[in-house]
Each structure stands twice: as C-alpha cells, then as structure tokens.
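Convert by adding 549 to the 1-based position in the sequence shown; the result is the number in this note's numbering. The beta carbon of each residue, even a glycine, is placed where N, CA and C say it ideally should be.
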Amino acid sequence: MKTGRLIWGLLIVIVGVILLAASLDWISWHFLLSLLQLWPLALVLVGVHLLLNRRHPALAAVIMAVILIGGVVSAWYVWGDGGSSLSTRSIEGPSVAGVTSASAKVEVGATTLTITGGSQEAAVTGSYRSRAEYRIQHHKAGNNYQLTVSPNLKRGPWLGISSIDAMKLTLAREIPWALEVKAGAAGADLDLTEVTLSRLRISAGASTIKVRVGNVMDTGTRVDIAGGATSYHISFPQNLTVVVRGHSGLSYLQVAGFRKTGDGALVHDGGGPTVEVTVRTGVSSVRVDVY
C-alpha cells in the first residue's frame, strides 16, 4: 500500500472517530473546534512527508501517524478533560452604594462562561470552578468600580473545553456597565437583559457566544464583535434602533428584520436609543436579531 493512501485513510478514520465521540458527548464540540488551532501540525506532517517519503515511505507513515495521534491526545489531556485538579472560588465585589459607573474585563479560556444581571447589594457576585487559577481584581475609585478577571497562567492557546470548567458572574443592574469579554475556546451565554450597558466588546477564538442585550444607555452605546472561528448569536430588544456594520473575512452574517442602507449598514428602526454594532471577524457565523 502506498504511503499517501495509508495516511489519507488514517486521517479519515481519526476524523470519523473524533466526530463520533463528539456526537456521543464523549468530547466537547468546543474542543473539536479548538483543534483547528493545531494547524501547525499540518506543516510538520508535510515536512516529514517531503523528507522521508521517497526513500523511507514506511518510516514516514509511522512518524506522521505518531505525530497526528500524539498531537490530538496531548491537546485533549492538557486542555480537555485531563490534566490537573479542580478548584472552586467565589467572587464578590464591593457595595454598589455610591457607584455610578462600572466596567468589567473578563478573560477566560477553556471555560463555560455565564454572565447575567440582577438586583443585589454587591456590584458583582459569582463563582468559578476550574483547573486554571484566575486573578480577580476589584478597584473602586470615587464613583467608578472596575472588575478584572484574568488567568494567572495561560497554558498554550487554551484549547478545548470541559463541562466541569465554568464561571458564573452576576452584575448589579443598578449601575451601567462597560463589559469586555475575551474568550479562547469557550462557550459563553451572556444574558444581559437585567444589565444596563454603556459598551460591550467581545473577542473570541474557537467559541460559541450567545448574547441577549437588555437596557442600554441613551447615547453612545457601542457593541464591538471580533473573533476567529466563532459562532455568534446576538439579540436586541425590538424597541432599540440597531445599526450593524460588518468588516468580516470569510464570515456568514445573518440579520433578521433589518434593512440595508446606501452605505452598506444594516438597520433596525426600533424608535429607541441607537446601538452601533461593529463586526470584525474571520471564519465566523454571526447572527443578529431582535426580540
């Protein structure tokens, strides 16, 4: 059997096994998407093929198989469901008394992220359980409060996602928020219907992001979306005026109930405050609608 046929056959078998495992919930679909970040392995495989295939085809096939299988298994162990012990921590910010504006910068990797809003005495409450340690910083200066959530140690590109890694945050609805979310191979559900937004910025890698916007400031509210191989679904209240501008690569932008203007913008006329939405994505799927 020729080496080329052997390698292609092996690739098909491996892809089939991975897809079957994802369908049976043995591995996460987020982890499957994150494997796209292992593209440098393809260069290594091509290099081995060019160097060894002519004189030592059998050796080339073995080395390529070991590299391919080892890369996938290592990614699952380090960034998937194996690896290190789990820690659970609580998050609680200062009192909302005297706070008139707030900002939150949340950076996560292989984590299921949930952000909601509610009436509470603390500016933010929540918890996380994760194998990675996070740095939680609270800063209150005058009437402004700032929350920063970031990993203490970034392990590689933060591939994969596990059902046991999760972070939940609740933002006080009594104050307006400027929210920034940076996600790696994550699944994020941002139900912001009980949050007053002054600004929202989301940057994600191989992720699935669902956002439901609620109240916004009367003027100057912006929503900036950026990412790689990411699936976005963003919903706005129908009483808002939403203007969407796209600067995307190989992306699929789907809007429902929007009209196209002469300058290429997509507009929903809700009669209320205007929200400017900017989409800058790579190979992504972006869906924007109203409810």
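- Rounded to whole angstroms, the Cβ separation of V762 and P786 is 7 angstroms, and the two are in contact under 8 angstroms.
- Remark: C-beta atoms of G795 and G776 do not approach each other more closely than 8 angstroms.
- Between A737 and S756, the C-beta spacing is below 8 angstroms.
- When secondary structure is reduced to three states using DSSP, M613 falls in the helix class.
- Cβ-Cβ distances below 8 angstroms link V593 to I616 in the same chain, with the five nearest sequence neighbours on each side left out; the list follows chain order.
- A direct Cα-Cα distance of roughly 22 angstroms separates E670 from R684.
- Using a 10 angstroms sphere on the CB of I664, the tally of other CB atoms reaches 16 or more, which defines it as buried.
- Here the alpha carbons of K717 and T742 stand approximately 16 angstroms from one another.
- A distance of 8 angstroms or more separates the beta carbons of L696 and G658.
- In this chain, L720 is not harboured by any alpha helix (DSSP H); it is covered by the beta strand (DSSP E) spanning 715–721.
- Judged by DSSP secondary structure, L590 falls within the alpha helix (DSSP H) whose first and last residues are 589–601.
- Close CB contacts of D767 within its chain, under the 6 angstroms cut and outside five residues either way in sequence, are with P822 (chain order).
- Put simply, the backbone Cα of V837 is about 17 angstroms away from that of R748.
- At a Cβ-Cβ threshold of 8 angstroms, V730 and V655 count as neighbours.
- Collapsing the DSSP output to three states places G795 in a strand.
- Boundaries for W575: no beta strand (DSSP E) harbours it, and the DSSP string shows neither H nor E there.
- The Cβ atoms of V826 and V791 lie closer than 8 angstroms to each other.
- Within the region 732–818, the runs of beta strand (DSSP E) at least 3 residues long that lie entirely inside it are, in chain order, 736–753, 757–765, 770–776, 780–785, 790–795, 801–804, 815–817.
- Within the DSSP secondary-structure output, E682 pairs in no beta bridge.
- Under the three-state reduction of DSSP, I640 is assigned to strand.
- The DSSP-derived three-state label of G558 is helix.
- For A651, the enclosing beta strand (DSSP E) has its first and last residue at 650–657.
- In this structure, the CA atom of G820 is about 35 angstroms from the CA atom of G691.
- Shown here, I563 sits in a helix according to DSSP, grouped into three states.
- Just so you know, the alpha carbons of L662 and A646 end up roughly 27 angstroms apart.
- A direct Cα-Cα distance of roughly 5 angstroms separates A653 from L728.
- Classified as exposed, S644 has fewer than 16 neighbouring CB atoms from the shown chains inside 10 Å of its CB.
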